[in-house]
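Since the structure comes first, as structure tokens, the remarks are kept for the end.
Protein chains: 2
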Amino acid sequence: MHHLLLIAHGSRRAASNEAVIALAEAMQQSAGLPVRAAFLELAEPSISEGIEQCILAGARQLDILPYFLAPGRHVQEDIPNLVSQAMHSHPQVTWRLLPHLGAARDLAGFLLRHWQDTPP
Amino acid sequence: MHHLLLIAHGSRRAASNEAVIALAEAMQQSAGLPVRAAFLELAEPSISEGIEQCILAGARQLDILPYFLAPGRHVQEDIPNLVSQAMHSHPQVTWRLLPHLGAARDLAGFLLRHWQDTPP
Chain W
23 MHHLLLIAHG SRRAASNEAV IALAEAMQQS AGLPVRAAFL ELAEPSISEG IEQCILAGAR
83 QLDILPYFLA PGRHVQEDIP NLVSQAMHSH PQVTWRLLPH LGAARDLAGF LLRHWQDTPP
Chain E
23 MHHLLLIAHG SRRAASNEAV IALAEAMQQS AGLPVRAAFL ELAEPSISEG IEQCILAGAR
83 QLDILPYFLA PGRHVQEDIP NLVSQAMHSH PQVTWRLLPH LGAARDLAGF LLRHWQDTPP
């Protein structure tokens with residue numbers, strides 16, 4: 023089955039981590055496919071734990087979506103390295119590392135709709 | 023005139039800051055209204071400089087959009103405090119502090135479209 027893992031940085035503030043988990047749940051509701059959240063640091067599940075959870079839940083294709091705005095070290099090195107390790111450990115899974123949120127097509131349009139939709 | 027200021031954290035990596043400025047330019051192209059970027063730290067213009075630029079360029083209404091995912095200290099304290107100071111310095115301007123990107127309506131839907139639109 024096709025699964026999505028949303029990877030966030032993780033925060034010392036529980037509310038920030040809970041917002042990411044709620045976002046993954048909202049995505050799962052809309053998509054009708056399993057969506058989980060995992061965190062690079064400071065929160066659980068870790069990325070490795072999140073990947074294991076997806077595979078234990080039956081993922082045959084696992085897409086990884088970095089919930090990051092900036093193309094910094096986390097997006098360019100840390101997350102690809104962790105995903106690469108997981109690919110070697112689980113060769114039976116089809117993997118896809120999506121572009122991070124900050125590189126999503128039409129993010130400008132989404133921000134403009136957010137601007138226009140916000141009540142005065 | 024109505025202006026939008028997109029506020030990002032700012033990074034030591036020039037590419038991250040340039041991506042934010044390019045995003046503001048893409049928004050301005052689509053919106054047909056002035057959109058600028060400013061940075062909380064590590065990059066220029068600062069938030070205060072960005073606000074001054076908008077006002078010098080004729081902003082009578084200035085909307086502030088925090089380009090942040092997490093509702094942490096920057097979103098909940100630092101940016102509101104800076105905007106509050108600017109409001110007191112420029113009472114002739116109509117101000118609006120929008121919810122940060124991570125709280126935008128239907129962010130889940132946008133992320134799902136990003137997932138579905140990414141080629142295999």
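Protein sequences, first through last, are from chains W and E. Heads up: the first sequence at position 103 corresponds to 125 in this note's numbering, and the numbers run straight through without jumps. Heads up: the second sequence at position 120 corresponds to 142 in this note's numbering, and the numbers run straight through without jumps. Backbone N, C-alpha and C fix where the C-beta goes; we use that ideal spot for every residue, glycine too.
Which of helix, strand or coil DSSP assigns to residue i
{"i": "Val115 (chain W)", "result": "coil"}
{"i": "Pro166 (chain W)", "result": "The structure shown does not extend to residue 166 (chain W), since chain W is modelled only from 23 through 142, so no value can be given for it."}
{"i": "His25 (chain W)", "result": "strand"}
{"i": "Ala126 (chain E)", "result": "coil"}
{"i": "Ser33 (chain W)", "result": "coil"}
Residue i: CB within 7 Å of a non-hydrogen atom of the ligand HEM
{"i": "Ile101 (chain E)", "result": "Among the ligands in the structure shown, none appear at all, so the ligand HEM cannot be discussed."}
Unbroken beta strand (DSSP E) run spanning residue i, endpoints
{"i": "Arg58 (chain E)", "result": "Val57 to Phe61"}
Environment of residue i [buried if 16+ CB atoms lie within 10 Å]
{"i": "Ser70 (chain W)", "result": "exposed"}
{"i": "Asp139 (chain W)", "result": "exposed"}
{"i": "His25 (chain W)", "result": "buried"}
{"i": "His122 (chain W)", "result": "buried"}
{"i": "Gly54 (chain W)", "result": "exposed"}
{"i": "Ala59 (chain E)", "result": "buried"}
{"i": "Ala37 (chain W)", "result": "exposed"}
Sub-8 Å separation of residue i and residue j beta-carbons
{"i": "Met23 (chain E)", "j": "Ala108 (chain E)", "result": "no"}
{"i": "Met49 (chain E)", "j": "Val57 (chain E)", "result": "yes"}
{"i": "Leu87 (chain W)", "j": "Leu45 (chain W)", "result": "no"}
{"i": "Gly124 (chain W)", "j": "Pro102 (chain W)", "result": "no"}
{"i": "Gly32 (chain W)", "j": "Ser52 (chain E)", "result": "no"}
{"i": "Leu64 (chain E)", "j": "Arg34 (chain E)", "result": "yes"}
{"i": "His112 (chain E)", "j": "Ile77 (chain E)", "result": "yes"}
{"i": "Ala126 (chain W)", "j": "Tyr89 (chain W)", "result": "no"}
Inter-residue Cα distance where the pair is residue i and residue j
{"i": "Ser91 (chain E)", "j": "Ala79 (chain E)", "result": "Checking the sequence shown, residue 91 (chain E) turns out to be Leu, not Ser. In a straight line, the C-alpha of Leu91 (chain E) is about 29 Å away from that of Ala79 (chain E)."}
{"i": "Leu128 (chain E)", "j": "Pro142 (chain W)", "result": "Going by the sequence as given, residue 128 (chain E) is Asp instead of Leu. About 19 Å."}
{"i": "His136 (chain W)", "j": "Leu104 (chain E)", "result": "22 Å"}
{"i": "Pro67 (chain W)", "j": "Phe61 (chain W)", "result": "6 Å"}
{"i": "Leu84 (chain E)", "j": "Arg118 (chain E)", "result": "6 Å"}
{"i": "Gln75 (chain E)", "j": "Val115 (chain W)", "result": "51 Å"}
{"i": "Gln98 (chain W)", "j": "Ser106 (chain W)", "result": "12 Å"}
{"i": "Ile73 (chain W)", "j": "Glu40 (chain E)", "result": "32 Å"}
{"i": "Leu133 (chain W)", "j": "Leu120 (chain W)", "result": "20 Å"}
{"i": "Glu47 (chain W)", "j": "Glu47 (chain E)", "result": "33 Å"}
{"i": "Asp100 (chain E)", "j": "Asp100 (chain W)", "result": "28 Å"}
Range of the contiguous alpha helix (DSSP H) that encloses residue i
{"i": "Ser68 (chain W)", "result": "Looking at the DSSP string, Ser68 (chain W) is not in any alpha helix (DSSP H), and its letter there is neither H nor E."}
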